[in-house]
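Trainee: Mapping of the sequence shown onto full-length UniProt numbering: residues 1 to 604, in sequence order.
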Amino acid sequence: MRESATDLLVHLPEKSNITDILVGLHAKTPNHPLFSLKNGTGWKNVTADEFLTQVSELAKGLIGLGVRPGDSVAVMSKTCYEWTLVDLAVWFAGAVTVPIYETSSPSQVEWIIQDSGAAHVFVEDARKAAVVSAAVASGDLDIALWQMKADGGEGTFEELIAAGASVDDDRLETARTTANLESVASMVYTSGTTGRPKGCEITHGNFALFGVNIVEFLPEMLKHKDVSTLMFLPLAHVLARAVQVGCLAAGVRVGHSGSAADLMGDLKSFQPTFLLAVPRIFEKIYAGAQQSAEAAGKGKLFTAAADTAVAYSTALDAAARGGKGPSLALKARHKFFDKTLYPKVRNVFGGKLTHAISGASALSPQLAHFFRGAGVMVLEGYGLTETTAPATVNTVPLARVGSVGLALPGSRIRIADDGEVLIAGAGVFKGYHNNPEANAAAFSGEWFHSGDTGSLDDDGFLTITGRKKDILVTAGGKNIAPGPMEEKIREHRLVSQAIVVGEGRPFVSALLTLDDEALAAWGRENGVSAVAATAADDPRVRASLQEAVDAANATVSQAEQIRKFTVLPQDFSLESGHLTATLKLRRNAVIADYSAEVEKLYQK
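1) Can you tell me whether Tyr602 is buried or exposed? The criterion is at least 16 other CB atoms within 10 Å of its CB, across all chains shown.
2) Hey, could you find the ends of the beta strand (DSSP E) His355 is sitting in?
3) Residues bridged to Lys44 by DSSP?
4) Buried or exposed for Ser104, please, with buried defined as at least 16 other CB atoms from any protein chain shown within 10 angstroms of its CB.
5) Exposed or buried, Leu398, counting other C-beta atoms within 10 Å across all chains shown (16 or more means buried)?
6) Leaving out five residues before and five after Glu547 in sequence, what residues of the same chain have Cβ atoms less than 8 angstroms from its Cβ?
7) Where does Asp452 sit, in a helix, a strand or coil, going by DSSP?
8) Would you report the Cα separation of Leu472 and Thr29, rounded to the nearest angstrom?
9) Alpha helix (DSSP H) containing Thr103: first to last residue?
10) Which ranges would you report for the alpha helix (DSSP H) in the region 468-530 if only whole runs of at least 4 residues count?
11) Unbroken beta strand (DSSP E) runs of length 3 or more, entirely within the region 523-597: which are they?
12) Whose C-beta lies closer than 7 angstroms to the C-beta of Ile415 among residues of the same chain, with five residues either side of it excluded?
13) Over what stretch of residues does the beta strand (DSSP E) that includes Thr392 continue unbroken?
14) Could you give the distance in angstroms between the alpha-carbon of Glu437 and the alpha-carbon of Arg412?
15) Just mark Gln558 as buried or exposed, buried being the case when its beta carbon has 16 or more other beta carbons within 10 Å.
16) Let me know if Lys469 comes out buried or exposed under the rule of 16 or more other beta-carbons within 10 Å of its beta-carbon.
17) Among the residues of its own chain, which have a CB less than 6 angstroms from the CB of Lys268, if the five just before and after it don't count?
18) Measuring straight from C-alpha to C-alpha, what distance separates Ile423 and Thr463?
19) Check whether the region 339-356 touches the region 260-275, counting contact only when three or more Cβ pairs, one atom from each stretch, lie closer than 8 angstroms.
20) Give the C-beta separation of Ile591 and Ser509 to the nearest angstrom, bearing in mind that I take them to be a contact with Cβ-Cβ under 8 angstroms.
21) Quick one: what's got a C-beta closer than 6 angstroms to Val428's C-beta in the same chain, skipping five residues either side?
22) What's the gap between the Cα of Cys80 and the Cα of Gln54?
23) Using 8 angstroms as the cut-off, can you tell me whether the region 122-129 makes contact with the region 64-82, which would need three or more C-beta pairs spanning the two stretches below that distance?
24) Just to confirm, are Ser16 and Leu181 a CB contact at a threshold of 8 angstroms?
25) Between Ala137, Asp168, His224, which lies nearest to Leu62 when the distance is taken from Cα to Cα?
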């Protein structure tokens, strides 16, 4: 077995909790801007003092209504400032936050509220209140609903604050300081793709130790003047909330964008210095830049700029390993594009972005090299809900494209004999709520079984090679990891998603979906229908897609190569149930729903 570990850089008192981070920051810099709220076309700052006051008022309201330390309080909303406000208020009341994805089905909502025991549920607005009310009615659950953005109806913040009028500061302080590092701070439910969602008990120590240590682990990103980030990933996902705790520890100014339609505009107006994102965001931005260049008749210039960015970044990687860095000619080309085309890429992010963290699923090395060469360093990380999201991440001085980086402070990584990634340390959750069977299956002593396969190099960098359950075994007994091939296919301009299939089959095949925006632009250029349903059978479209499949096949042995593919008539989405809230594919759902299409691939 190979192991890698990183010692904690910052220790915390055992009797402390997450709220102490806000209290400590407020004591030092009460006028420091912690958040920014969208205000028309601009942003209005919220200071540490203003935020602490709002948190305290809501926490007193919860206490006044009988919420006790250890009680569960649920939240169902898109990402917004109020989500964060409620999260901290719940912790100040000594209670446990239970996130619910806004895309959750009624049965999932009912189960999560029932299993967690939440008696109070915060919702975004009246529409979400109706969803929760309908979900709990069938289960005869007694809950109180609170609307974070009042648009009519009962259960407003004003009512909640009024309920805490009789709660004094001493009573609030007693509740706030009840929890310690071992206390549960949040119950985060898994996606439930293989049964009912399981509640992961995330402790104050999990969040707080990550928060204070990530600041020291990534100082180039988090410890400089005017550092800021725009949070748009779902706060129901543990990754976004863990990073927010890190932002709180670093005093990072945070804005929120809860709409995909508003994201590009919010990035330009907010102008973050770093970003937390998922690979699909980088894929879309790259495709958009490519399309814009080709529409302007500068397709060849963009290709040259992209090739230069990748070559430059690759040379930087080589230099970091003791090889040769960029040649003089490459430096000259890079300098030219850095003055002409790369600024346009950076401007998509607002113009001030220098770094980004990519998580949730694998990022194409080609894209990572492109963005770094264009001036935005993307640091890929890895983790699960059960590890409070991040367990490893690349650092600015020690980045290795293609890997997911080094163990975070306080974490240990081990590769088991069968290749599975095992994780122990500060980020590993307390266990599954009321589920001893799941806990017994997930742990071997202190080591959590991730279900992912990977490898560690001599310097401790982790590379993820696939999921144990996703490994395909063909009829000929060949073990195949679909992930890397799918990543390679998705690099193609027209491809939105790719699913490699072949379990128990004589050969490997693939299901592909088309990117609607890319297809529209490509169709105009090539005289092809811009509708996925009809373009799927166009020989010119299939010929172009075959190039993507050929590129993937070039990375594997002949027995692993994709022999057939089919193009599905529509893309996967959250609404169809084929994507998670962080845009990861629900592989089992796709294969089940498109079983007929899979069968056709193997008909003679």
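Even glycine gets a Cβ: it sits at the ideal position worked out from N, Cα and C. Bear in mind the structure is a predicted one, so any value in this text is a computation, not a measurement.
Mentor: Quick look at the numbers:
1) Reading the sequence shown from its first residue, position 602 is the one you call residue 602. By the 10 Å Cβ count, Tyr602 comes out exposed.
2) Here residue 355 corresponds to residue number 355 of the sequence shown, with the count starting at 1. Counting along the chain, the beta strand (DSSP E) containing His355 begins and ends at 355-358.
3) As a first step, residue 44 must be located in the sequence shown, where it is residue number 44. In the DSSP output, where bridge partners are listed per residue, Lys44 has Leu37.
4) Here residue 104 corresponds to residue number 104 of the sequence shown, with the count starting at 1. Burial call: buried.
5) Here the question's residue 398 lines up with position 398 in the sequence shown. It counts as exposed.
6) Translated into the one-based positions of the sequence shown, residue 547 becomes position 547. His492, listed in sequence order.
7) Counting from 1 along the sequence shown, the entry for residue 452 is found at position 452. Reduced to three states, the DSSP call for Asp452 is strand.
8) For the purposes of this step, residue 472 is taken as the residue at position 472 of the sequence shown. For the purposes of this step, residue 29 is taken as the residue at position 29 of the sequence shown. Computed Cα separation, rounded: 54 angstroms.
9) The residue you call residue 103 lines up with position 103 of the sequence shown. That residue, Thr103, is in no alpha helix (DSSP H); it is neither H nor E in DSSP.
10) 482-490, 516-526
11) 562-567
12) Start at 1 with the first residue of the sequence shown, and residue 415 comes out as number 415. Met1, Arg2, Val421, Gly454, Ser455, Leu456, listed in sequence order.
13) The count along the sequence shown starts at 1 and reaches residue 392 at position 392. That run of the beta strand (DSSP E) goes 389-393.
14) Locating residue 437 in the sequence shown gives position 437, where the first residue counts as 1. Locating residue 412 in the sequence shown gives position 412, where the first residue counts as 1. Each residue's Cα considered, the two are about 24 angstroms apart.
15) Indexing the sequence shown from 1 puts residue 558 at position 558. By the neighbour-count rule (16 or more Cβ atoms within 10 Å), Gln558 is not buried but exposed.
16) Against the sequence shown, residue 469 aligns to sequence position 469. So Lys469 counts as exposed.
17) Within the sequence shown, numbered from 1, the residue matching residue 268 stands at position 268. Once the five neighbours on either side are set aside, the close Cβ partners of Lys268 are Gly350.
18) Taking the first residue of the sequence shown as position 1, residue 423 is located at position 423. Taking the first residue of the sequence shown as position 1, residue 463 is located at position 463. Between Ile423 and Thr463, the C-alpha separation is close to 14 angstroms.
19) yes
20) Taking the sequence shown and counting its residues from 1, one reaches residue 591 at position 591. Taking the sequence shown and counting its residues from 1, one reaches residue 509 at position 509. No, Ile591 and Ser509 are not in contact; Cβ-Cβ is about 11 angstroms, not under 8 angstroms.
21) Within the sequence shown, the letter at position 428 stands for residue 428. Excluding residues within five positions, the ones whose Cβ falls inside 6 angstroms are Thr387, Phe448.
22) Walking along the sequence shown from the start, residue 80 turns up at place 80. Walking along the sequence shown from the start, residue 54 turns up at place 54. Rounded to the nearest angstrom, the two C-alpha atoms are 15 angstroms apart.
23) yes
24) Taking the first residue of the sequence shown as 1, we reach residue 16 at position 16. Taking the first residue of the sequence shown as 1, we reach residue 181 at position 181. Yes, these two residues count as a Cβ contact at 8 angstroms.
25) Against the sequence shown, residue 62 aligns to sequence position 62. Checked all of Ala137, Asp168, His224; the closest Cα to Leu62 is Asp168.
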